[in-house]
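When the count follows this note's numbering, it moves up by one through the sequence shown with no breaks and lands on 420 for the last residue.
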Amino acid sequence: MSEHFRVEGGARLVGTVDVVGAKNSVLKLMAAALLAEGTTTLTNCPEILDVPLMADVLRDLGCAVEVDGATVTITTPAELNHEATSPSVGKLRASVCVLGPLVGRCKRAVVALPGGDAIGQRPLDMHQSGLRQLGASSTIEHGNVVAEADELRGAQIWLDFPSMGATENILMAAVLASGTTVIDNAAREPEISDLCTMLTQMGAKIEGAGTSTLTVHGVDRLEPTEHRVIGDRIVGATWGFAAAITRGDITVRGVDPHHLDLVLEKLRMAGADVSLVEDGFRVVMDERPKAVDFVTLPYPGFATDLQPFAIAMAAVADGTSMITENLFESRFRFIEEMVRMGADARTDGHHAVVRGLERLSAAPVWASDIRAGVGLVLGGLCADGVTDVWDVFHIDRGYPQFVENMQRLGANIQRVAEQA
Ligand code: UD1
1 MSEHFRVEGG ARLVGTVDVV GAKNSVLKLM AAALLAEGTT TLTNCPEILD VPLMADVLRD
61 LGCAVEVDGA TVTITTPAEL NHEATSPSVG KLRASVCVLG PLVGRCKRAV VALPGGDAIG
121 QRPLDMHQSG LRQLGASSTI EHGNVVAEAD ELRGAQIWLD FPSMGATENI LMAAVLASGT
181 TVIDNAAREP EISDLCTMLT QMGAKIEGAG TSTLTVHGVD RLEPTEHRVI GDRIVGATWG
241 FAAAITRGDI TVRGVDPHHL DLVLEKLRMA GADVSLVEDG FRVVMDERPK AVDFVTLPYP
301 GFATDLQPFA IAMAAVADGT SMITENLFES RFRFIEEMVR MGADARTDGH HAVVRGLERL
361 SAAPVWASDI RAGVGLVLGG LCADGVTDVW DVFHIDRGYP QFVENMQRLG ANIQRVAEQA
């Protein structure tokens, strides 16, 4: 039995939506709990499919994990199993983040190559190179990343590209290494800062959180902690785009609006009235969006995860938009589905040109990843007729209460369970 979402276009979304903790933070924080023996508690966790999957990965490593609504409790034993090779590992990208903590704690790690969204190549060369510079060996063997070290020693590491995953893995290996590690050209995403905050609470010595140079003075051991996950800026921005696309009025709470400075500026350029409110922001749109260009880049650039929403807005904007994707080449697969809905869009390499139309035309469409799935729902909201979005398990991996939130804002959307 597969489920799909049935979306009827035309509604203007109005109301308030509360956003909880970030998927791309909580999964790494769960991995960080491996670094300290004892019980770590995470609050404000999103109720999404990836959290129980990550809990399974940690259980296979010997942890006791309880997921109780928004609270995740992880009890890490003194002796961890160093092999993460169960099927759960292959189902999500963030599982690779157990690599750094396992090498730090066990001096040996065998981690199945991770899965996650089909958005293009996702190599691990920078993760491996960083671990090697800390003194570990790292190879790919029989579908697993294998890393071993007698001792991890601090090093100067320059990343070729500010990769989130590589920064996280190297950081989590370095906190228990001897001496000082400097990670240059580190990723600066707010989720990395959140990880630094939690590691510091655990006793790690980290300077430069939120900048592109992280300096880590290794310590002998870390202590468990209690930590509140930061609000999900990608989910928050999703609702901002939903307001702009449906000419709606949405107040988003639970997100730091400064994590979305560039996004909110883009929505203003599209004609929205954007204001900051306590613990969030409000987007009001009274007219058809104006065409705006977007270029995806690592933070503080425009997030690649928001690119499908930029395309959905461009598809109904007044004018022609150019969208440039610099991180994941397959993210433009989403455009093929938007074209089914009549979007006037074409790609050339990592550029897409989208000529805006007054309305799209409802059609059956298929989600290829979390954000593409949500982008198709946004497209369906401004299409004539009823759009069926298939493969919505992707959306459930990253958006808690997605249909319920949409309905509360006035969208005509239903979850339907039937054969495809
Ligand atoms: C994370 C996010 C994902 C987001 C992405 C970019 C999670 C679970 N996922 O993915 O939602 O879209 O950041 O903001 O947090 N690269 C290499 N070699 C490496 C590592 C990465 O070439 O060793 C390249 C990738 O192919 C990509 C770029 O670096 O082009 C950025 O990837 P990265 O920041 O590592 O993304 P993820 O951590 O996988």
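Beta carbons: idealized from backbone N, C-alpha and C, even for Gly. Remember, it's a predicted structure, so these values are computed and weren't measured experimentally.
Spatial neighbours of GLY208 in its chain, beta-carbon cut-off 7 Å, leaving aside the 5 residues before and after: Residue 208 sits at position 208 when you count from the first residue of the sequence shown. LEU214, THR215.
Short Cβ contact (9 Å threshold) for ALA367 with VAL392: The residue given as residue 367 occupies position 367 in the sequence shown. The residue given as residue 392 occupies position 392 in the sequence shown. Their beta carbons are under 9 Å apart, which means ALA367 touches VAL392 by this criterion.
Distance, LYS290 Cα to MET436 Cα: The first residue shown for the chain is 1 and the last is 420, placing residue 436 beyond what the model contains.
Terminal residues of the alpha helix (DSSP H) in which GLU404 lies: For the purposes of this step, residue 404 is taken as residue 404 along the sequence shown, with counting starting at 1. 402-408 is the span of the alpha helix (DSSP H), which, as asked, contains GLU404.
Any non-hydrogen atom of ligand 1 closer than 8 Å to GLY165 Cβ: As a working mapping, residue 165 is identified with position 165 in the sequence shown. For ligand 1, at least one heavy atom lies less than 8 Å from the Cβ of GLY165.
Beta-carbon separation (whole angstroms), ALA78 vs MET172, contact threshold 8 Å: Taking the first residue of the sequence shown as 1, we reach residue 78 at position 78. Taking the first residue of the sequence shown as 1, we reach residue 172 at position 172. About 18 Å; that fails the 8 Å criterion.
Segment contact, 8 Å Cβ cut-off, at least three pairs: the stretch 248-258 with the stretch 12-22: Counting Cβ pairs under 8 Å, three or more are found: they touch.
Spatial distance of VAL277 from GLU189 (CA atoms): In the sequence shown, counting from the first residue as 1, residue 277 sits at position 277. In the sequence shown, counting from the first residue as 1, residue 189 sits at position 189. Distance between the alpha carbons of VAL277 and GLU189: 22 Å.
Helix, strand or coil at VAL17 [DSSP, three-state]: The count along the sequence shown starts at 1 and reaches residue 17 at position 17. DSSP places VAL17 in strand when its eight states are reduced to three.
Where SER95 falls, given that 16 or more other Cβ within 10 Å makes a residue buried: For this step, residue 95 is matched to residue 95 along the sequence shown. Buried: at least 16 other Cβ atoms inside 10 Å.
Whole-angstrom C-beta distance between LEU134 and ALA174, which should lie under 8 Å: Taking the sequence shown and counting its residues from 1, one reaches residue 174 at position 174. Taking the sequence shown and counting its residues from 1, one reaches residue 134 at position 134. Indeed, because the Cβ distance is near 6 Å, the residues count as touching under 8 Å.
Beta-carbon gap between VAL389 and LEU409 smaller than 9 Å: By 1-based counting over the sequence shown, the position of residue 389 is 389. By 1-based counting over the sequence shown, the position of residue 409 is 409. Taking 9 Å as the Cβ cut-off, VAL389 and LEU409 do not qualify as a contacting pair.
Within 9 Å, strictly: CB atoms of SER86 and VAL57: Reading the sequence shown from its first residue, position 86 is the one you call residue 86. Reading the sequence shown from its first residue, position 57 is the one you call residue 57. It is a contact, given that the beta carbons lie within the stated cut-off.
Exposed unless 16 or more other CB atoms sit within 10 angstroms - verdict on LYS23: Along the sequence shown, one-based indexing puts residue 23 at 23. Buried is the call here.
Runs of alpha helix (DSSP H) lying entirely within the stretch 111-173, each at least 4 residues, in chain order: DSSP assignment within the stretch 111-173 yields the following whole alpha helix (DSSP H) runs of 4 residues or more, N-terminal first: 125-133.
The alpha helix (DSSP H) enclosing ALA310, as first and last residue numbers: For the purposes of this step, residue 310 is taken as the residue at position 310 of the sequence shown. From DSSP, the alpha helix (DSSP H) with ALA310 extends over 307-315.
Closer than 8 Å: ASP125 CB and nearest ligand 1 heavy atom: Against the sequence shown, residue 125 aligns to sequence position 125. The answer is yes for ASP125.
9 Å Cβ cutoff met for ARG355 and GLY319: Looking up residue 355 in the sequence shown gives position 355. Looking up residue 319 in the sequence shown gives position 319. For ARG355 and GLY319, yes; Cβs fall inside 9 Å.
Selection from PRO364, ALA11, GLY143, CYS97 that minimises the alpha carbon distance to MET126: Along the sequence shown, read from residue 1 onward, the residue named residue 126 stands at position 126. For MET126, the nearest C-alpha among the options comes from CYS97.
Euclidean distance between Cα positions of GLU141 and VAL111: On the sequence shown, position 141 is the one that residue 141 refers to. On the sequence shown, position 111 is the one that residue 111 refers to. GLU141 and VAL111: Cα-Cα distance of roughly 10 Å.
Whether ARG415 touches PHE5 by CB criterion (9 Å): Taking the first residue of the sequence shown as position 1, residue 415 is located at position 415. Taking the first residue of the sequence shown as position 1, residue 5 is located at position 5. In contact: ARG415 and PHE5 (Cβ atoms closer than 9 Å).
Nearest-angstrom Cβ-Cβ length linking LEU222 and GLY203, presumed shorter than 8 Å: Mapped onto the sequence shown, residue 222 falls at position 222. Mapped onto the sequence shown, residue 203 falls at position 203. A Cβ-Cβ separation of about 5 Å places LEU222 in contact with GLY203 under the 8 Å criterion.
Other residues of its chain near GLU287: CB distance less than 6 Å, five sequence neighbours each side excluded: Residue numbering aside, residue 287 sits at position 287 when the sequence shown is read from its first letter. Answer for GLU287: GLY271, listed in chain order.
Of the residues GLN307, GLU265, ASP60, the one placed nearest VAL235, counting alpha carbons only: Locating residue 235 in the sequence shown gives position 235, where the first residue counts as 1. Out of GLN307, GLU265, ASP60, GLN307 has the C-alpha closest to the C-alpha of VAL235.
ASP318: CB within 8 Å of a non-hydrogen atom of ligand 1: Along the sequence shown, read from residue 1 onward, the residue named residue 318 stands at position 318. No; taking the cut-off as 8 Å, the Cβ of ASP318 has no heavy atom of ligand 1 nearer than that.
Distance between CYS196 and ASP184 (C-alpha atoms, nearest Å): Against the sequence shown, residue 184 aligns to sequence position 184. Against the sequence shown, residue 196 aligns to sequence position 196. Answer to the nearest angstrom: the Cα atoms are 15 Å apart.
Cβ-heavy atom distance, LYS28 to ligand 1, below 8 Å: Numbered from its first residue, the sequence shown carries residue 28 at position 28. Taking 8 Å as the cut-off, the C-beta of LYS28 counts as close to a heavy atom of ligand 1.
Same chain, Cβ closer than 6 Å to PRO114, five either side skipped, listed in chain order: Within the sequence shown, the letter at position 114 stands for residue 114. The residues are ARG93, SER95, VAL96.
Simplified DSSP assignment, three categories, for ASN24: Residue numbering aside, residue 24 sits at position 24 when the sequence shown is read from its first letter. ASN24: helix per DSSP, three-state reduction.
Three-state class that DSSP yields for GLU421 in the structure shown: With the chain covering 1 to 420 only, the question about residue 421 has no answer from this structure.
ILE250, DSSP secondary structure in three states: Counting from one through the sequence shown, the residue named residue 250 turns up at place 250. In the structure shown, ILE250 sits in a strand (DSSP, three-state: E or B).
Secondary structure of ARG340, DSSP reduced to three states: Working through the sequence shown from its first residue, we reach residue 340 at position 340. Three-state DSSP puts ARG340 in a helix.
Helix, strand or coil at GLY280 according to DSSP, with G and I counted as helix: To locate residue 280, count along the sequence shown from 1; it is residue 280. Three-state DSSP puts GLY280 in a strand.
Neighbour-count burial assignment, PRO123, 16 or more Cβ in a 10 Å radius: As a first step, residue 123 must be located in the sequence shown, where it is residue number 123. Exposed: under 16 other Cβ atoms inside 10 Å.
Buried versus exposed call for ASP150 [16 or more other C-beta atoms within 10 Å across all chains shown]: Position 150 of the sequence shown, counting from 1, holds the residue named residue 150. It is exposed - the Cβ of ASP150 has fewer than 16 other Cβ atoms within 10 Å.
The alpha helix (DSSP H) enclosing HIS394, as first and last residue numbers: In the sequence shown, the residue the question calls residue 394 occupies position 394. Where HIS394 is concerned, the enclosing alpha helix (DSSP H) stretches over 393-398.
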